[in-house]
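Colleague: Once you've had a glance at the structure underneath, I'll fire off some questions.
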Amino acid sequence: MPLNVGCSTLPVPQHADRKLHPANKQASTPRARFFLATISATLISLLCTLLSYSLHAAELQSSVITSALWSASSHNFKRQSYQLTLEPEFILRFENRAKLTALSRLRSISLDALSPEKVTDDAYSPYSKPLFIGNSSEFELREFYLELPSDNYYFTLGKQQVVWGKADGLKVLDIVNPQSYREFILEDFDDSRIPQWMANIETTVGEWDTQFLWIPDQSYHVLATEGGLYMPTSSLILPEPQAGVSVTVKPFKRPGRTLMDSDIGLRLSRFWKGWDLSLNYLYQYDNFALLHQRRSFTINGPHVEIEPQYRRTHVLGGSFSNAFDNWVLRGELAYFTDRYFLAEGLSDSDGITKGKEMSYVVGLDWAGLENTLISGQLFQSVALNRQSATVRDKSDSTLSLLVNHTLLNETLELRLIWLANSNIGDGLVRLRVTYEWQDNLKTWVSGDTFYGSEEGIFGQFDDNDRLTFGVELAFE
Amino acid sequence: MKLPLRVIALLSIFTTPVFAQSTVNSSEAALPTGEEVAAHINSRDEGEAVSRKLSIEMRDRRGKTRQRETMSYRKYFDGEKRTVIFYLSPKNIKDTAFLTYDYNDPKVEDNQWLYLPALRKVRRISASDRGDYFLGTDMTYEDIKLETRVSTADFNFQTLGTCDADGKPGLQIEGTPKTKEIARELGYSKTQFCVDNEIWMIRTSQFWDIKGNLLKTITISNIAQIQGIWTQQNIDVENHKTGHSTGLTFSEVDYQSPVPDDIFTTNAIKRGL
Numbered sequence: 005m006p007l008n009v010g011c012s013t014l015p016v017p018q019h020a021d022r023k024l025h026p027a028n029k030q031a032s033t034p035r036a037r038f039f040l041a042t043i044s045a046t047l048i049s050l051l052c053t054l055l056s057y058s059l060h061a062a063e064l065q066s067s068v069i070t071s072a073l074w075s076a077s078s079h080n081f082k083r084q085s086y087q088l089t090l091e092p093e094f095i096l097r098f099e100n101r102a103k104l105t106a107l108s109r110l111r112s113i114s115l116d117a118l119s120p121e122k123v124t125d126d127a128y129s130p131y132s133k134p135l136f137i138g139n140s141s142e143f144e145l146r147e148f149y150l151e152l153p154s155d156n157y158y159f160t161l162g163k164q165q166v167v168w169g170k171a172d173g174l175k176v177l178d179i180v181n182p183q184s185y186r187e188f189i190l191e192d193f194d195d196s197r198i199p200q201w202m203a204n205i206e207t208t209v210g211e212w213d214t215q216f217l218w219i220p221d222q223s224y225h226v227l228a229t230e231g232g233l234y235m236p237t238s239s240l241i242l243p244e245p246q247a248g249v250s251v252t253v254k255p256f257k258r259p260g261r262t263l264m265d266s267d268i269g270l271r272l273s274r275f276w277k278g279w280d281l282s283l284n285y286l287y288q289y290d291n292f293a294l295l296h297q298r299r300s301f302t303i304n305g306p307h308v309e310i311e312p313q314y315r316r317t318h319v320l321g322g323s324f325s326n327a328f329d330n331w332v333l334r335g336e337l338a339y340f341t342d343r344y345f346l347a348e349g350l351s352d353s354d355g356i357t358k359g360k361e362m363s364y365v366v367g368l369d370w371a372g373l374e375n376t377l378i379s380g381q382l383f384q385s386v387a388l389n390r391q392s393a394t395v396r397d398k399s400d401s402t403l404s405l406l407v408n409h410t411l412l413n414e415t416l417e418l419r420l421i422w423l424a425n426s427n428i429g430d431g432l433v434r435l436r437v438t439y440e441w442q443d444n445l446k447t448w449v450s451g452d453t454f455y456g457s458e459e460g461i462f463g464q465f466d467d468n469d470r471l472t473f474g475v476e477l478a479f480e
Numbered sequence: 210m211k212l213p214l215r216v217i218a219l220l221s222i223f224t225t226p227v228f229a230q231s232t233v234n235s236s237e238a239a240l241p242t243g244e245e246v247a248a249h250i251n252s253r254d255e256g257e258a259v260s261r262k263l264s265i266e267m268r269d270r271r272g273k274t275r276q277r278e279t280m281s282y283r284k285y286f287d288g289e290k291r292t293v294i295f296y297l298s299p300k301n302i303k304d305t306a307f308l309t310y311d312y313n314d315p316k317v318e319d320n321q322w323l324y325l326p327a328l329r330k331v332r333r334i335s336a337s338d339r340g341d342y343f344l345g346t347d348m349t350y351e352d353i354k355l356e357t358r359v360s361t362a363d364f365n366f367q368t369l370g371t372c373d374a375d376g377k378p379g380l381q382i383e384g385t386p387k388t389k390e391i392a393r394e395l396g397y398s399k400t401q402f403c404v405d406n407e408i409w410m411i412r413t414s415q416f417w418d419i420k421g422n423l424l425k426t427i428t429i430s431n432i433a434q435i436q437g438i439w440t441q442q443n444i445d446v447e448n449h450k451t452g453h454s455t456g457l458t459f460s461e462v463d464y465q466s467p468v469p470d471d472i473f474t475t476n477a478i479k480r481g482l
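The listed protein sequences derive, respectively, from chains U and Z. Take any residue in the first sequence, count from 1 to its spot, add 4: that is its number in my numbering. Take any residue in the second sequence, count from 1 to its spot, add 209: that is its number in my numbering.
Okay, structure coming up:
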């Protein structure tokens, strides 16, 4: 069952069980890790500087964004976290129009429950894994790619994000890169998306813009683990523990062949009679691990062994958008040929039911009021051809409402996002006020309120409502 | 980018135009009609294509300023005009880009897209958003699209008399939205502008809001011939309601270097410069 969140559709993790996440982390000391992070950042800076000289770069641009976030529980105002982030970016422009971009992120969080380390870090590929520094900090090379334009081709090679689809926040086709759910869907997608090493080649074939992706980097969705504030607990996501049944969890079974286990993507897009159209295809490992179960009887009673593993699926889809008077109509659809749902009851031997899934979103934007955008979306996921009963409903629907209004020449922004799941009746309401004091300084206050049954994707975090105050400062 | 004029309606007797307004008299009876002036403005040579840097300075009523640097391109295609603007700095808006297809056929709605780097998505914009202010400036999306032209599809124009066009006699024109719906979309109930009828460029214009209150004044200065084409290099927009103002400065204006067609695509605004 796809989880429609904050404007994102998370195919519900079939597994996210706290017991799944091995507690053993790498044994290097925090000081050593911090040292390594510093060295890495310095090396990147040095590399960019050297390249600028050696390759006759026309221009070197650099900038740093620093931000601080304070979060507190909406219920008792007890502090949830204090977070500091540093994001240096370097862009080298060469005389032949080539461009090299390097973006890294150093993040430190005061609260253990939001610790960068309290995630399913096995989901990262060895090439994309952040460097965890103690229990509270991480350093990550977020993006590092070279853009090479030529007459009819445009190559983007390296670690990057690729965003597909027309939906506003809800994720149907925006599934090329995996995502970190350490803060559920409360983090901006740009920050929570996990960049991957890939080759991105664009060209024009007739009237169609064509994009081909080769993604050898096998990273998957990252979830909060035991002790994490946003660790999933919904029975829609996790198998219900059975009384008297012992459980062991094996390490993640990851695809290990760089070439054969690569993801491949193709997108054709064009503008046709006022319509923005795309056709999309992705052959990928589902970014959520399935929790394969083996049930047995031992001398101590019934036993379940769970082995998280990743399975391939073909994804066929498309998107459209057009404007009519005050309205913009948007939509996207994705059909997954191989989906694995959590089976209901104990009749299914491995706890998993194979099927197919069709997800779609239809959205309407209305801009009839000055400097105001009101947007509504219907997201629906339909499970097809299930081999046995599943915990999720066959059809699962979520509605979203976005209201965005700007004032004072766009220095003040008010935003409301409301997500409501109609199957469970739970939801999330997000309010945010942002003020831009100067070009390089902005502050914001936001409130995130979950409601509904704890069985729901949103309701499971009903105790985690939060207020946040943030400051962002940029230097160029 | 130049001053868009979509403009306006009946001259209020309570308004005092910045430029010297004179009433139509017998000696001015032979003045060209508003529609003729609009046609002259719209047929003025703008070059087939242009590239230029555009600096935008936004000032609030307390004097606080914000500065943006952009690169913009415009090109005429068969039956349409395409414009694209790339934001280069500061960091908080860098990589934002705006693309518009403006069709000659007034019955065909324009197509507009905005690339928002925070979302990494190109967002389709309703053409009816054209009365919204463009990225914090005092120009609307429609203003940005029209540049130096006036919209004969949206306004009826009439000549009011003569005016002072930067020390020379000019023509005072008034534009009235053709329908209430157009007025509501644009946010203007009327406009008046003073046209330099030697080069058919607007020197000064004023806009009134839907309620008939003076909304903003636009002053164009530093007009010079660049590569044989009359070009405005400074535009100042003063919003009388908010006290906010925007200054636009064009530089490195180039009508001769080729502008590639594929820069006017959603892929191009996603990639940026």
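Heads up, the beta-carbon is just placed ideally off N, CA and C, and yes, glycines get one too.
1) Give a yes or no on whether the C-beta atoms belonging to U/THR124 and U/LEU227 are separated by under 7 angstroms.
2) For Z/PHE343, does the count of other Cβ atoms within 10 angstroms reach 16, so buried, or fall short, so exposed?
3) According to the neighbour-count rule (16 or more other Cβ atoms, all chains shown, within 10 Å of its Cβ), is U/ILE303 buried or exposed?
4) Across which residues does DSSP place Z/THR440 in a beta bridge pair?
5) Who are the neighbours of Z/SER337 on chain U, taking C-beta pairs under 7 angstroms?
6) Using the three-state DSSP reduction, which class does Z/THR451 fall into: helix, strand or coil?
7) Can you give me the start and stop residues for the beta strand (DSSP E) that Z/ARG412 sits inside?
8) Classify Z/ALA248 as helix, strand or coil using the three-state DSSP reduction.
9) Determine the burial state of Z/ILE408: buried for a count of at least 16 other Cβ atoms within 10 Å of its Cβ, exposed for fewer.
10) Flag this pair as yes or no: are the beta carbons of U/SER67 and U/THR89 separated by less than 7 angstroms?
11) How long is the line joining the alpha carbons of Z/PHE402 and Z/GLN415, rounded to whole angstroms?
12) Run down chain U in chain order and give the residues with a C-beta less than 9 angstroms from the C-beta of Z/TYR342.
13) When you compare the CB of U/VAL437 with every CB in chain Z, is at least one pair closer than 7 angstroms?
14) In chain U, which residues lie with their C-beta within 9 angstroms of the C-beta of Z/GLU318?
15) Curious, which full-length beta strand (DSSP E) runs of at least 3 residues does the region 81 to 152 of chain U contain?
16) Can you confirm whether Z/ALA477, when its beta carbon is compared against all beta carbons of chain U, has any partner nearer than 7 angstroms?
17) Roughly how far, in whole angstroms, is the beta-carbon of U/SER325 from the beta-carbon of U/ASP280, given that I think they are within contact range, below 8 angstroms?
18) Among the candidates U/PRO134, U/SER129 and U/ALA106, whose CA atom is the shortest distance from the CA of U/SER119?
19) Once DSSP output is grouped into helix, strand and coil, what is the label at Z/SER337?
20) Would you mind sorting U/PHE94 into buried or exposed? The rule is 16 or more other CB atoms within 10 Å of its CB.
21) Where does the unbroken alpha helix (DSSP H) through Z/TYR350 begin, and where does it stop?
22) Taking buried to mean at least 16 other C-beta atoms within 10 Å of its own C-beta, is U/ALA36 buried or exposed?
23) State the DSSP-derived secondary structure class of U/TRP74, mapped to helix, strand or coil.
24) Going by DSSP, what residue range makes up the beta strand (DSSP E) through U/LEU477?
25) Which residues in the same chain have their Cβ closer than 7 angstroms to the Cβ of Z/ASP347, if we skip the five residues on either side of it in sequence?
26) Give me the chain U residues within the contact set of Z/PRO299, using Cβ-Cβ distance strictly less than 8 angstroms, ordered along the chain.
27) With 16 other CB atoms within 10 Å as the buried threshold, where does U/HIS79 fall?
28) Quick check: the Cα distance between U/ASP4 and U/TYR364, rounded to an integer number of angstroms?
29) If distances are taken between C-alpha atoms only, which option among U/LEU320, U/LYS360 and U/SER450 comes closest to U/ASP178?
30) Can you pull the chain U residues whose beta carbon is under 9 angstroms from the beta carbon of Z/LYS290, in chain order?
31) Whole angstroms are fine: how far does the CA of U/PHE462 sit from the CA of U/GLY248?
32) Looking only at C-alpha atoms, which of Z/LEU328, Z/SER252, Z/ALA306 and Z/ARG291 sits nearest to Z/ASP319?
33) Can you name, in chain order, every residue of its own chain whose Cβ lies under 6 angstroms from the Cβ of U/ASN408, other than the five neighbours on each side?
34) Using the Cα positions of U/ARG470 and U/TRP422, report the straight-line distance between them to the nearest angstrom.
35) Rounded to the nearest angstrom, how far is the Cβ of Z/SER398 from that of U/ASN330, given a contact under 8 angstroms?
36) With a Cβ-Cβ cutoff of 7 angstroms, do U/VAL176 and U/GLU417 count as a contact?
Modeller: For this structure:
1) In this structure, U/LEU227 lies closer than 7 angstroms to U/THR124 by Cβ.
2) Buried, by the Cβ-count rule.
3) The residue is exposed, with fewer than 16 neighbouring Cβ atoms inside 10 Å.
4) Beta-bridge pairing links Z/THR440 to Z/ALA433.
5) For a Cβ distance threshold of 7 angstroms, residue set ASP329, ASN330 and ALA371 of chain U lies close to Z/SER337, ordered along the chain.
6) Three-state result, Z/THR451: coil.
7) First-last of the beta strand (DSSP E) with Z/ARG412: 410 to 417.
8) In the three-state DSSP reduction, Z/ALA248 falls in the helix class (H, G or I).
9) The residue in question, Z/ILE408, is exposed, as its Cβ has fewer than 16 Cβ neighbours within 10 Å.
10) Between U/SER67 and U/THR89, the CB-CB gap reaches or exceeds 7 angstroms.
11) The alpha-carbon atoms of Z/PHE402 and Z/GLN415 are separated by roughly 6 angstroms.
12) Listed along chain U, the residues sitting closer than 9 angstroms to Z/TYR342 by beta-carbon distance are GLU374, ASN375, THR410, ASN413 and GLU414.
13) At a cut-off of 7 angstroms, the C-beta of U/VAL437 has no neighbouring C-beta in chain Z.
14) The answer, in chain order, is GLY278, ALA327, PHE328 and ASP329.
15) Whole beta strand (DSSP E) segments, 3+ residues: 83 to 98, 103 to 113 and 135 to 137.
16) No, because no Cβ of chain U sits closer than 7 angstroms to the Cβ of Z/ALA477.
17) Your pair U/SER325 and U/ASP280 checks out as a contact, with CB atoms roughly 5 angstroms apart and the cut at 8 angstroms.
18) Ranking U/PRO134, U/SER129 and U/ALA106 by Cα distance to U/SER119 puts U/PRO134 first.
19) Helix at Z/SER337.
20) Residue burial annotation: U/PHE94 is buried, with at least 16 other C-beta atoms found within 10 angstroms of its C-beta.
21) Per DSSP, the continuous alpha helix (DSSP H) segment holding Z/TYR350 begins and ends at 350 to 355.
22) The pLDDT assigned to U/ALA36 is 45, lower than 50, so where the model puts this residue is not dependable, and the model offers no usable value.
23) Residue state, collapsed to three classes: strand.
24) Here the beta strand (DSSP E) through U/LEU477 covers 470 to 479.
25) These residues qualify, in order along the chain: LYS425, VAL446, ASN448, HIS453, SER454 and THR455.
26) Scanning chain U for C-beta atoms nearer than 8 angstroms to the C-beta of Z/PRO299 yields ASP443, ASN444, ALA478 and GLU480, reported in chain order.
27) Classification of U/HIS79: exposed, given that the 10 Å Cβ count is below 16.
28) Absent from the structure is residue 4 of chain U, since the part of chain U shown begins at 5 and ends at 480.
29) Closest option to U/ASP178, Cα to Cα, is U/LEU320.
30) Simply none; closest approach about 16 angstroms.
31) Taking the Cα positions, U/GLY248 is about 29 angstroms away from U/PHE462.
32) Minimum Cα distance to Z/ASP319 is reached at Z/ARG291.
33) Here the set comprises LEU377 and ARG419.
34) Near 15 angstroms, if we compare the C-alpha coordinates of U/TRP422 and U/ARG470.
35) Going by Cβ atoms, the distance from Z/SER398 to U/ASN330 rounds to 19 angstroms, so no, they are not a contact pair.
36) One thing to note: U/VAL176 has its Cβ no nearer than 7 angstroms to the Cβ of U/GLU417.
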